[in-house]
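Reading through the structure tokens given below for one structure.
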Amino acid sequence: MWDIIVQIFPYAIAYTIPLLLTALGGLYSERSGVVNIGLEGLMVVGFFGGALAISKLEAFLPGTAIWIGLLAAIIVGGLFALLHAFASINLNANQVISGTAINMIA
147 MWDIIVQIFP
157 YAIAYTIPLL
167 LTALGGLYSE
177 RSGVVNIGLE
187 GLMVVGFFGG
197 ALAISKLEAF
207 LPGTAIWIGL
217 LAAIIVGGLF
227 ALLHAFASIN
237 LNANQVISGT
247 AINMIA
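Sequence positions in the sequence shown follow this note's numbering and run 147 to 252.
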């Protein structure tokens, strides 16, 4: 039993890191006064943008495809975050509704 726990624990830590970073981003947004319900949706959209970039560039640039995929994930997630910011600030939309819409789009 202990062997199974020892084998699973590193994977649990590795899979927890993105969720902890997302929770930290949610903490900063809440402290600044912005209710950001769409953090998980932004994370999923960024993941798919990075995965798409890696799958398209892996054959041509095998050494740098991961870094380009990381950059693509940051850009795609940032663009969706700008969509949420535009709806919340310029259009005076409800932040909870806008964040829920981001989650549903993702």
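Glycine included, every Cβ here is placed at the ideal spot set by N, Cα and C. Every value quoted in this text rests on a predicted model; they were computed, and no experiment measured them.
Distance check between E186 and each of G171, A239 and G179 places G171 closest, using alpha-carbon atoms only.
If you draw a straight line from the Cα of A227 to the Cα of D149, it is about 42 Å long. With the rule of 3 Cβ pairs closer than 8 Å, the region 186 to 196 counts as touching the region 214 to 221. Comparing alpha carbon positions, the residue from L225, V242, V152 and T168 closest to V180 is V242. Taking the Cβ atoms as the reference, I183 lies roughly 7 Å from N249, within the contact range of under 8 Å.
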